[in-house]
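Trainee: Under the UniProt record's numbering, the residue at position 164 of the sequence shown is numbered 164, and the numbers go up by one with no gaps.
The C-beta atom is built at its ideal place from N, Cα and C for all residues, glycine as well.
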Amino acid sequence: MFKRLWSKQQIFPRSLFATVFQQNMASCLPAVAEQLLKDLQKTYSEKSQIPDELLIALRFIFGSCTLQALDLVDQRAVTRVSSPSGRVVFQVLGGSGRLYTCYTSCHYCPCPAFAFSVLRRNESLVCKHILAAYVCQAMGLCQQEQVSDQHMTLILSGRAALDP
Numbered sequence: 001m002f003k004r005l006w007s008k009q010q011i012f013p014r015s016l017f018a019t020v021f022q023q024n025m026a027s028c029l030p031a032v033a034e035q036l037l038k039d040l041q042k043t044y045s046e047k048s049q050i051p052d053e054l055l056i057a058l059r060f061i062f063g064s065c066t067l068q069a070l071d072l073v074d075q076r077a078v079t080r081v082s083s084p085s086g087r088v089v090f091q092v093l094g095g096s097g098r099l100y101t102c103y104t105s106c107h108y109c110p111c112p113a114f115a116f117s118v119l120r121r122n123e124s125l126v127c128k129h130i131l132a133a134y135v136c137q138a139m140g141l142c143q144q145e146q147v148s149d150q151h152m153t154l155i156l157s158g159r160a161a162l163d164p
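(1) Distance check for residue 122 and residue 116, CA to CA, integer angstroms please.
(2) For residue 58, which residues in the same chain have their Cβ closer than 6 Å to its Cβ, ignoring the five residues on either side in sequence?
(3) Terminal residues of the continuous alpha helix (DSSP H) containing residue 45?
(4) Report yes if the CB atom of residue 138 is closer than 8 Å to the CB atom of residue 41, and no otherwise.
(5) If you draw a straight line from the alpha carbon of residue 107 to that of residue 126, how long is it in whole angstroms?
(6) By alpha-carbon positions, which one of 43, 88, 71, 33 ends up nearest to residue 94?
(7) Evaluate the contact criterion for the segment 138-154 versus the segment 34-52: three or more CB pairs, one atom per stretch, below 8 Å.
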């Protein structure tokens with residue numbers, strides 16, 4: 001669905017991409033990224049599709065992980081896990097078959113790409129797993145799973161996961 005917009009060339013100059021992301025990420029996402037996700041939600045709810053302009057904007061704001069994240073969305077690889085106490089996490093089945101528990105509330109994923117590209121090198125805002133969670137949430141395409149508070153505690157502590 002989304003591959004039609006990308007070739008092997010980079011769409012935007014790297015220097016412009018780097019300039020956009022030199023902001024402090026203490027508030028999770030820059031306002032421009034939050035607005036883009038709101039626009040995505042609004043447009044998808046009205047038209048049940050995403051226009052090319054929004055896909056290009058996603059690529060511009062979120063960078064090279066965008067296509068991989070959209071592939072995860074197409075594969076329905078994102079599950080929103082919630083508990084009666086109101087805790088919410090997203091579990092994303094990565095391309096390798098590994099399940100990643102992502103925390104959009106604090107903008108964190110345990111994958112190596114997040115540690116390297118986001119935290120260490122500050123080259124990206126997010127990894128493909130977090131972006132897939134944001135996009136699925138905006139489009140209303142997350143699989144939903146309710147778990148007990150006890151099971152959520154195990155998920156949050158890394159001692160349990162949903163079956164992929």
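Mentor: Looking at the atomic coordinates:
(1) Residue mapping note: residue 116 aligns to position 116 of the sequence shown, counting from 1. Residue mapping note: residue 122 aligns to position 122 of the sequence shown, counting from 1. Distance between the alpha carbons of residue 116 and residue 122: 8 Å.
(2) What you label residue 58 is simply residue 58 of the sequence shown in a count that begins at 1. So the list reads 66, once near-sequence residues are dropped.
(3) Taking the sequence shown and counting its residues from 1, the one referred to as residue 45 is at position 45. Where residue 45 is concerned, the enclosing alpha helix (DSSP H) stretches over 31-47.
(4) Working through the sequence shown from its first residue, we reach residue 138 at position 138. Working through the sequence shown from its first residue, we reach residue 41 at position 41. Closer than 8 Å, so yes.
(5) Locating residue 107 in the sequence shown gives position 107, where the first residue counts as 1. Locating residue 126 in the sequence shown gives position 126, where the first residue counts as 1. In a straight line, the C-alpha of residue 107 is about 8 Å away from that of residue 126.
(6) Here residue 94 refers to the residue found at position 94 when the sequence shown is read from its first residue. When only C-alpha atoms are compared, the closest one is 71.
(7) yes
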